[in-house]
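In full-length UniProt numbering, the protein residues as written are 1 to 465. Report on one structure; see the data block that follows.
Shown next as structure tokens:
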């Protein structure tokens, strides 16, 4: 069998990994949208690197757009098989993909209104109707259930602890009478996460496809998340009378922020301000998370005994329509605005950054991983000026980051994820979802732990297993 890499290869976006068997069966692990790669992004999202109609099955690790965001395009271009996922992943994918289609249509409309004479018209990658056709192909599989696709192919989902519904995928494939076990980590969460349970252990694998986003780092912020948030709110909004803008993914990160702010209120420390969540998607995702309380860790379940709504507090308001969102730009009072997307390359948050970035009173807080070429990544790297909607803006606002809020495990978390694996029995580890410098450092660490064949595949590269 062959394993080829068509996304998240020496980058952290566009997750797509293809297993091809000798009988022509094609199993696609994830089908993610490329994000935050500058001028390359559009080109990479146009071409899968394989024929969509040739794919037999899709197994989806979780609902983040960089893992599921090209599924509607795959379906529109000929894929007609099942998409296997957990139930929460299907619930989240529905709202995320519909939102993605809507954002693409809005962005295309905006860009076409400001088209230069020499430029071609912009079109969305897929429509809302494509999304509906895609969701109809989902088949729900429970955690820890051995599901047999056919007599030669089976798999198990284990909880990856990354976001609601996230799973690592563990395949057993029999070919020519020989069984091969392949594990794909998806995105590995944190041990000791604010909200979710720890990643589960898994049985011995022959080959492991492992994410490596923070493979060279440790999430060791000097203060707990809620304390860091309190200090930034106090300095920006109370002392400087400015706005705190937080780009945050609608699924996972936004809920962690709301939980931390609610914790401040429970301790009577939350400043008396308006707190806006400017993302209709975030409201829907928060409601879905409330419907799956079984995913919470024991600490959160303890808090729920004294506070039944852990995502609500005084001053919180969810912004629904575009008019309300635009009105925030004219809001003179200090406030906190949480808005998607997390890398600040699309969605309403780009407009909020555009309208606050040149004022020293304001702060832009990055609370998760940001691809270096994304707007959030450029701000974190110290850029003095940035392009937003084709215009140049000088960075005068205070730029801060809070790495401990990342839903991706750090180096120690990734190593702990592999604890139950005997390195001598793992034939190869393929590092994906990371940038080369980080992956090289992590590969060295893995080799020191006894994993002797660690590979960093490039985009489109194929290997015989």
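Yeah, the Cβ is synthetic: ideal placement off N, Cα and C, and Gly gets one too. Predicted model only: the values in this text are computed from it and were never measured.
Let me make sure I understand the geometry here. Which of the options has the alpha-carbon closest to that of residue i?
i, options, result
"residue 260", "300, 273 and 419", "300"
"residue 23", "43, 56, 68 and 210", "56"
"residue 51", "38, 36, 26 and 59", "26"
"residue 336", "358, 351, 363 and 346", "363"
"residue 199", "185, 219, 206 and 372", "185"
"residue 47", "92, 241, 32 and 132", "32"
"residue 106", "423, 322, 357 and 391", "322"
"residue 414", "236, 396, 271 and 439", "439"
"residue 370", "79, 205, 277 and 435", "435"
"residue 428", "98, 453, 447 and 396", "453"
"residue 320", "77, 333, 291 and 283", "283"
"residue 304", "270, 266 and 63", "266"
"residue 44", "430, 64, 191 and 16", "16"
"residue 164", "263, 61 and 243", "61"
"residue 173", "77, 19 and 233", "19"
"residue 80", "121, 119, 28 and 122", "28"
"residue 208", "177, 318, 3 and 227", "3"
"residue 229", "306, 257 and 11", "257"
"residue 224", "249, 241, 82 and 263", "263"
"residue 67", "8, 307 and 273", "8"
"residue 445", "150, 387 and 416", "416"
Tell me, to the nearest whole angstrom, how far the beta carbon of residue i is from that of residue j; I am working on the premise that it is less than 8 angstroms.
i, j, result
"residue 212", "residue 432", "7 angstroms"
"residue 72", "residue 101", "7 angstroms"
"residue 341", "residue 247", "7 angstroms"
"residue 411", "residue 216", "6 angstroms"
"residue 409", "residue 188", "4 angstroms"
"residue 5", "residue 461", "6 angstroms"
"residue 171", "residue 181", "7 angstroms"
"residue 103", "residue 377", "Between residue 377 and residue 103 the Cβ distance is about 19 angstroms, and since that is not below 8 angstroms, they are no contact."
"residue 96", "residue 117", "That belief does not hold up - the Cβ atoms of residue 96 and residue 117 are roughly 36 angstroms apart, past 8 angstroms."
"residue 277", "residue 233", "With 8 angstroms as the limit, residue 277 and residue 233 do not qualify as a contact, their Cβ atoms being about 15 angstroms apart."
"residue 441", "residue 456", "With a Cβ gap of about 11 angstroms, residue 441 and residue 456 do not count as contacting."
So, for residue i: in the same chain, excluding its five sequence neighbours on each side, which residues have a beta-carbon less than 6 angstroms away from its beta-carbon?
i, result
"residue 401", "366 and 380"
"residue 94", "135"
"residue 316", "275"
"residue 222", "Residue placement at residue 222 is poorly supported in this model, since its pLDDT is 49, which falls under 50; the coordinates are not used for a value here."
"residue 420", "201"
"residue 286", "255 and 311"
"residue 214", "408 and 410"
"residue 520", "Past the edges of the chain, shown from 1 to 465, lies residue 520, and the structure says nothing about it."
"residue 423", "450 and 451"
"residue 76", "126 and 130"
"residue 425", "204"
"residue 78", "52 and 53"
Can you list, in chain order, the residues of its chain with a C-beta nearer than 7 angstroms to that of residue i? Leave out the 5 residues immediately preceding and following it.
i, result
"residue 345", "35, 36, 374 and 375"
"residue 54", "26"
"residue 154", "146, 147, 148 and 172"
"residue 92", "63, 164, 165, 251, 285 and 288"
"residue 227", "none"
"residue 313", "261, 262, 265 and 270"
Along the chain, where does the alpha helix (DSSP H) containing residue i start, and where does it finish?
i, result
"residue 95", "87-113"
"residue 351", "349-356"
"residue 436", "436-448"
"residue 134", "128-135"
"residue 417", "411-417"
"residue 52", "Note, residue 52: premise wrong, no alpha helix (DSSP H); not H, not E."
"residue 65", "65-68"
"residue 259", "253-266"
"residue 72", "71-76"
"residue 317", "Residue 317 -> not in any alpha helix (DSSP H); beta strand (DSSP E) instead, spanning 316-319."
"residue 298", "298-303"
"residue 379", "375-380"
"residue 325", "322-328"
Grab me the residues of residue i's own chain with a C-beta within less than 8 angstroms of its C-beta, minus the 5 sequence neighbours each way, in chain order.
i, result
"residue 355", "329"
"residue 389", "110, 114, 350 and 354"
"residue 383", "395"
"residue 1", "19, 20, 21, 22, 173, 175, 180, 464 and 465"
For the beta strand (DSSP E) that residue i lies in, which residues bound it at each end?
i, result
"residue 237", "That residue, residue 237, is in no beta strand (DSSP E); it is neither H nor E in DSSP."
"residue 168", "167-175"
"residue 7", "2-7"
"residue 274", "274-278"
"residue 17", "16-20"
"residue 430", "428-432"
"residue 211", "207-211"
Query raised in the report: Is it true that the stretch 159-172 meets the stretch 287-303, where meeting means three or more beta-carbon pairs spaced less than 8 angstroms apart?
Result: Enough Cβ pairs lie closer than 8 angstroms, so yes.
Query raised in the report: Taking one C-beta from the stretch 131-145 and one from the stretch 73-92 each time, how about it: are there three or more such pairs within less than 8 angstroms?
Result: Taking a cut-off of 8 angstroms for Cβ pairs, the stretch 131-145 and the stretch 73-92 touch, as three or more such pairs fall below it.
**Report entry** contact_flag[the stretch 64-82, the stretch 123-133] where n(CB pairs < 8 angstroms) is 3 or more
**Finding:** Touching, per the Cβ criterion.
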